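All remarks here apply to the structure that follows.
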Amino acid sequence: MVPAELRESLETEIAAAPHPREQAINVMYAFQRHYGYLSDEALVEAAELLGLTPLELEELATFYDFIYRQPVGKFVIHVCDGVVCWMFHENSIFDYLCKKLRVCAGEISADGLFTVLPTACIGFCDRAPAMLINGKMYGPLTPEGIDEILESLKTEYCEMVICK
Amino acid sequence: MRGETSMFEEVLFKNRQPERPATLDEYRRSGGYQALMDALKNRTPEEVRQLVLDSGLRGRGGAGYPTGRKWAGIPAQAGFPRYLVPNTDEMEPGTFKDRILVNIDPHLVLEGIILAGYAVRAEAAYFFIRPSYEMDAQLIEREAEVARQAGFLGKNILGSDFSFDLVVHRSAGRYICGEATAQVNAIMGYRGHPMKDRRMAQDGLWHRPTIVDNAETLACVPPILRHGAAWFKGLARTEGGAGTKLYCVSGKVNRPGCYELPIGTPLREILEGPAGGMLPGSELKAFMPGGASTAFMPAQYYDVEMDFEPLEKVGHRLGTAAIMVFDQKTCLVAATLNLIEYFARESCGYCTPCREGLPYIRDLLWRLEAGEGREEFIPMLQQMAGHMGKSYCAFAPGAAEPVLGLLKYFMDEIREHLSQKKCPLEADQPRRTLWYPAV
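Those protein sequences? They're chains U and A, same order as listed. Following this note's numbering, the numbering of the first sequence begins with 1 at its first residue and continues without gaps. Following this note's numbering, the numbering of the second sequence begins with 1 at its first residue and continues without gaps.
Structure follows, in structure tokens:
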């Protein structure tokens, strides 16, 4: 169960919305922030808050790539594989991250910190090649730059923007 | 050439500040919210709609539908409430103009939204924004509150009988949600599937009249009201065009970025002017004029005027005017493969041509790129790309565009893949196309 305080604030928001179902994504994000991902338990709890069946919410959860139905690392790296980023690195940024962190797409690195996901064009083509980490944009990327970013995330506090 | 573009006075970007968005005060000092004050006092919603129709403004989200005509799609006797959906999904690859616009002048976008709301007599706007623009969603929420405090949003705006408010609706991804009918489903908390034959202007959000307009389109509305329809038309470089356009240039150029220029500015001037020309060692091989669902165009179109009609005349589309520049070192078969992988993954899977056809095309391209292509793949690609037109929505025909462009203009490059049994441009390292590394 989520803490009573979070539950109440979500209930208030849902009640205030003219159409409660419009809040479905916000509620899933809130649960995801709390649990780290949208677990089965969270899905049932969120659906109940929204007055939906778990299946109705599952339909949405599995539609969106920023809702994580499986456990993810503390930092979720969305690597842009849009064509503009691609023309600068031909998928090597993604491969570099996977090799460096010793993970496949969607897995969690051994230290529990990182998950790497391929992502549709993130709209930072002027900063290509680019990636998002917990919603924050990094680019233009180089292997050396990536090493620095990963190191700093291990040691410095990073504000969670949205996804987790 | 540089002179010509720098002489031009920016309309949408005129309040640009270094490294931060313009404030409400800065926006107001440049005449901001005057159009709203004037409209609420002196113009009926019908007059605002007529002015926008007369201005020749065409939607900036990709389809280029005349905005005034879209607004006129709400029947006079249609009931209330009515809704406006400012669309900042912007998931078309290569496109980032709305992000830049919102960051430069959030109140210009907000005033455009409020005016459009007034014109169609909407009661609320659902500002639809993608997850990778979370910082911009927060910015709009903050500035909307500033506008609310100043009396521009909320109940009885500026003492009039017009009440209108804005909600930021956060998306959680997926390209198809940029399509108007899919977007309406997504906002209502359903899967973002498109709805064929549903007229949003009559039967949109919660079955109410709804107008979905791109953020750049809406930002054009306050200047049109302030300066008039003739002035707006006069901004264009082309006969029959109207306004300025935010061109996003990316790829192998020196200064990738978003530039506001008169609509119809020739590609040459955009690339050699603000975009700073090709990168050293790069030559222009092809460009996509407006995102991933427009076809590759070869260098012979270097002087084409970047406006809806001139591109239609040569069989192409302006799309979102996101110009992606490919150089001679980039393999266009591989680039098409990347684009089709994107579309195959983003397909909602609802209808067969899109769900089954795109992976089929992907497989053919993958084998071509890997040197396993055969001559008969070419008619197969042609046929499969043709089938995309039989899909439920515009997603699959858009996805077919890069394939058709490749087949039309770059057949030699395809044949080189066949004859050499490998990619002729492949670097020393084999190009990886899978997401799983060989660990």
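Think of the CB as a built atom: it goes at the ideal place given N, C-alpha and C, for glycine as much as any other residue. Predicted model only: the values in this text are computed from it and were never measured.
Comparing C-alpha distances from TYR247(A) to each of SER282(A), GLU46(A), ALA322(A) and ALA78(A) shows the shortest one belongs to ALA322(A). Within the segment 132-145 of chain U, the residues whose Cβ lies closer than 7 Å to some Cβ of chain A are LEU132 and GLY135, listed in chain order. In the structure shown, ILE114(A) falls within a helical segment according to DSSP collapsed to helix, strand and coil. Under the Cβ distance rule, ARG21(U) counts among the residues neighbouring chain A, one pair being separated by less than 9 Å. In this structure, the alpha-carbon of MET131(U) lies about 9 Å from that of PRO118(U). Its chain contains ILE361, LEU364, VAL403 and LEU407 as the residues whose beta carbon lies nearer than 7 Å to that of LEU381(A), once the 5 sequence neighbours on both sides are disregarded; these appear in chain order.
Using a Cβ-Cβ cut-off of 9 Å, PRO54(U) does not count as an interface residue toward chain A, since no Cβ of chain A sits closer than that to its own. Residue burial is scored here from C-beta neighbours: ARG29(A) has fewer than 16 other C-beta atoms within 10 angstroms and is therefore classed as exposed. With fewer than 16 other Cβ atoms from the protein chains shown falling within 10 Å of its own Cβ, GLN149(A) counts as exposed.
With a threshold of 9 Å between beta carbons, LEU84(A) makes no contact with chain U.
In the DSSP annotation of this structure, the continuous segment of the beta strand (DSSP E) that includes ILE323(A) starts and ends at 322-327. In terms of beta-carbon proximity, LEU50(U) lines the interface with chain A, with at least one pair separated by less than 9 Å.
Listed in chain order, the alpha helix (DSSP H) elements of length 4 or more contained wholly in the segment 31-60 of chain A are 34-42 and 45-55.
Secondary structure of ALA286(A) (DSSP, three-state): strand.
The residue from MET28(U), ARG7(U), MET1(U) and GLU11(U) with its alpha-carbon nearest to that of ARG170(A) is MET28(U). At least one C-beta of chain A is nearer than 9 Å to the C-beta of PRO18(U). Using beta-carbon distances, ALA120(U) counts as an interface residue toward chain A, with a partner under 9 Å. One thing to note: GLY61(A) has its Cβ within 9 Å of the Cβ of ASN214(A). With contacts defined as CB atoms closer than 9 Å, SER347(A) and PHE395(A) qualify as a contacting pair.
If you compare the alpha carbons of LYS329(A), VAL120(A), PHE377(A) and SER132(A) with that of ILE414(A), the shortest gap goes to PHE377(A). Runs of the alpha helix (DSSP H) lying entirely within the segment 179-205 of chain A and spanning at least 4 residues, in chain order: 180-187. The DSSP-derived three-state label of LYS136(U) is strand. The closest CA to that of THR244(A), considering only GLY257(A), ILE263(A), ALA344(A) and GLU179(A), is found on ILE263(A).
No residue range can be given for ILE263(A), since it is assigned to no alpha helix (DSSP H) and is classified by DSSP as neither H nor E. Identification of chain U residues near ILE187(A) by a Cβ-Cβ cut-off of 9 Å yields HIS19 and GLU22, ordered along the chain. Annotation: THR265(A) to ALA236(A) spans about 8 Å, alpha carbon to alpha carbon.
By the Cβ neighbour-count rule, GLN32(U) is buried, with 16 or more other Cβ atoms within 10 Å of its own. Residue pairing of ASN15(A) in beta bridges, as defined by DSSP: absent, with no partner found. DSSP places ALA229(A) in the helix class (H, G or I) of the three-state scheme. When the five nearest sequence neighbours on each side are left out, the beta carbons in the same chain lying within less than 6 Å of the beta carbon of GLU10(A) are those of GLU260, in order along the chain.
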